[in-house]
Ligand SMILES: *Cc1c(COP(=O)(O)O)cnc(C)c1O
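Numbering (this note's numbering), first residue to last: 70 to 433.
This is the structure in structure tokens:
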């Protein structure tokens with residue numbers, strides 16, 4: 070059976086690296102089950118070992134799960150929710166909510182009043198991502214909400230960058246500018262904006278001016294960022310699966326579906342019961358169809374082909390190549406040059422986000 074090994078010391082050292090690099094508080098973003106690491110486990114780890122008491126997630130059910138596991142910690146829901154039922158749940162659980170429209174502010178305020186509480190919120194501004202939040206030209210509405218809805222407690226203001234892979238500094242500056250204007254509108258009206266934040270991992274790494282009062286980091290904690298890793302962030306996540314069987318194949322024998330590999334000499338092979346079913350070697354699909362993105366993708370594919378890295382795993386500390394195609398539940402490694410036997414562990418670099426949720430997470 071496969072397990073996903075989560076190196077907790079790496080998560081902690083990645084957090085520390087981001088704290089040192091940015092010099093502001095880091096709000097861990099644990100959406101998507103903490104990018105596959107396991108949200109409750111990671112929240113507990115960060116609380117106990119890194120003194121973190123504020124955790125951000127995207128979905129209400131994630132927030133509910135974390136609040137149940139860690140009732141004394143602040144859980145910040147990054148997405149705006151619009152129905153009465155959801156708003157009631159936010160109040161009932163005592164979450165820190167995101168407010169991105171006047172309507173949802175009124176709704177949340179009314180329910181908070183009814184429950185006799187003040188609901189902590191961060192105001193969200195859409196400075197260019199086009200998903201949610203007050204548009205800068207609607208800042209006045211955010212001001213009204215903050216000023217007159219007394220059962221909302223403004224704990225912060227935030228926005229999200231749309232393009233921070235290092236190639237669009239102008240765009241980042243423009244978004245930052247718009248965000249600052251929104252904050253200024255609040256301040257001018259006598260509203261204390263709380264902590265202001267706009268950068269996620271990439272923005273926090275690349276742009277000092279975007280760090281503001283805090284940064285929100287998810288991928289940096291896994292050491293799997295979309296920009297050059299200048300901080301020595303360490304990749305978290307290895308899939309481990311035992312060797313099921315070891316045997317010899319003669320020269321000229323096929324390995325795997327599609328007959329894409331034939332042995333050139335007698336080969337000792339290990340079969341390992343993992344593959345696509347566990348999420349191994351799954352890749353993100355292309356989701357942009359602009360000509361320039363397709364060309365960029367094509368160039369990347371060409372570079373990979375020229376480099377011919379092949380797939381590999383590590384057995385008893387030795388890297389070994391995989392032969393033929395990856396299967397649903399079987400991969401084959403060439404172990405002609407190493408000593409190993411059935412039961413030894415094969416270990417694969419694996420992005421936890423892509424690893425099947427049924428694969429057990431083991432925390433080292
Ligand atoms: C996902 C997300 C983040 C974290 O992004 P990373 O690039 O993984 O650090 C931060 N803020 C918001 C609003 C997000 O949705």
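Just so it is clear, CB atoms sit at the ideal spot from N, CA and C, and this is done for glycine as well.
Whole-angstrom C-beta distance between residue j and residue i, which should lie under 8 Å
i, j, result
"residue 146", "residue 166", "6 Å"
"residue 102", "residue 402", "Actually they do not touch by this definition, with Cβ atoms about 29 Å apart."
"residue 276", "residue 241", "6 Å"
"residue 215", "residue 192", "7 Å"
"residue 424", "residue 308", "6 Å"
"residue 221", "residue 178", "5 Å"
"residue 384", "residue 413", "6 Å"
Local Cβ density within 10 Å of residue i, reported as buried at 16 or more and exposed below that
i, result
"residue 421", "buried"
"residue 87", "buried"
"residue 343", "buried"
"residue 387", "exposed"
"residue 398", "exposed"
"residue 272", "buried"
"residue 247", "buried"
"residue 348", "buried"
"residue 104", "buried"
"residue 433", "exposed"
"residue 354", "exposed"
"residue 83", "buried"
"residue 328", "exposed"
"residue 149", "buried"
"residue 339", "buried"
"residue 357", "exposed"
"residue 279", "buried"
"residue 212", "buried"
"residue 371", "exposed"
"residue 95", "buried"
"residue 419", "buried"
Alpha-carbon to alpha-carbon, residue j and residue i
i, j, result
"residue 170", "residue 210", "8 Å"
"residue 390", "residue 363", "30 Å"
"residue 375", "residue 369", "10 Å"
"residue 314", "residue 337", "11 Å"
"residue 189", "residue 286", "21 Å"
"residue 301", "residue 80", "12 Å"
"residue 429", "residue 78", "19 Å"
"residue 283", "residue 267", "8 Å"
"residue 304", "residue 73", "13 Å"
"residue 255", "residue 118", "36 Å"
"residue 431", "residue 259", "50 Å"
"residue 161", "residue 219", "18 Å"
"residue 322", "residue 394", "14 Å"
"residue 93", "residue 281", "8 Å"
"residue 232", "residue 128", "23 Å"
"residue 292", "residue 85", "12 Å"
"residue 229", "residue 187", "25 Å"
"residue 137", "residue 70", "30 Å"
"residue 152", "residue 312", "50 Å"
"residue 43", "residue 172", "Any question about residue 43 goes unanswered here, given that the chain covers just 70 to 433."
"residue 142", "residue 110", "14 Å"
"residue 378", "residue 207", "51 Å"
"residue 26", "residue 306", "Given that the chain is displayed from residue 70 to residue 433, the structure contains no residue 26 and the question cannot be resolved."
"residue 43", "residue 168", "Summary: the structure shown does not reach residue 43, with the chain confined to residues 70 through 433, and so no result is reported for it."
"residue 139", "residue 408", "46 Å"
"residue 183", "residue 238", "46 Å"
"residue 155", "residue 163", "12 Å"
"residue 90", "residue 124", "20 Å"
Residues near residue i in its chain [Cβ-Cβ closer than 8 Å; skip 5 each side]
i, result
"residue 126", "98, 99, 100, 108, 132, 135, 144, 145, 146 and 147"
"residue 382", "341, 388, 389, 391, 400, 402, 415, 416 and 417"
"residue 297", "235"
"residue 396", "325, 326, 344 and 345"
"residue 224", "165, 189, 190, 191, 263 and 264"
6 Å Cβ shell around residue i - same chain, five flanking residues per side excluded
i, result
"residue 157", "180"
"residue 195", "202 and 204"
"residue 288", "270 and 294"
"residue 115", "97 and 121"
"residue 359", "none"
"residue 106", "75 and 421"
"residue 405", "336 and 337"
"residue 332", "318, 320 and 322"
"residue 159", "166"
Cβ-based neighbour list, residue i, same chain, cut-off 7 Å, excluding 5 preceding and 5 following
i, result
"residue 252", "226, 262 and 265"
"residue 334", "320"
"residue 351", "345 and 423"
"residue 316", "338"
"residue 411", "312, 313, 314 and 315"
Cutoff 9 Å: residue i Cβ touching any chain D Cβ
i, result
"residue 108", "In the structure shown, chain D cannot be found, because there is only a single protein chain."
Quiz item: Enumerated in chain order, which unbroken segments of the alpha helix (DSSP H) with a length of 4 residues or greater are wholly contained in the region 297-327?
Solution: none
Exercise. Tell me the start and end of each unbroken alpha helix (DSSP H) in the region 189-235 that is at least 4 residues and wholly inside, in chain order.
Key: 208-217
Quiz item: In the region 75-155, which residue ranges form an unbroken beta strand (DSSP E) of at least 3 residues, counting only runs that do not cross its ends?
Solution: 95-97, 123-126 and 143-149
Quiz item: Whole alpha helix (DSSP H) runs in the region 354-390 with 4 or more residues, listed along the chain?
Solution: 360-376
Self-check item: Every unbroken alpha helix (DSSP H) within the region 258-285, with a cutoff of 4 residues, ordered by chain
Solution: 270-275
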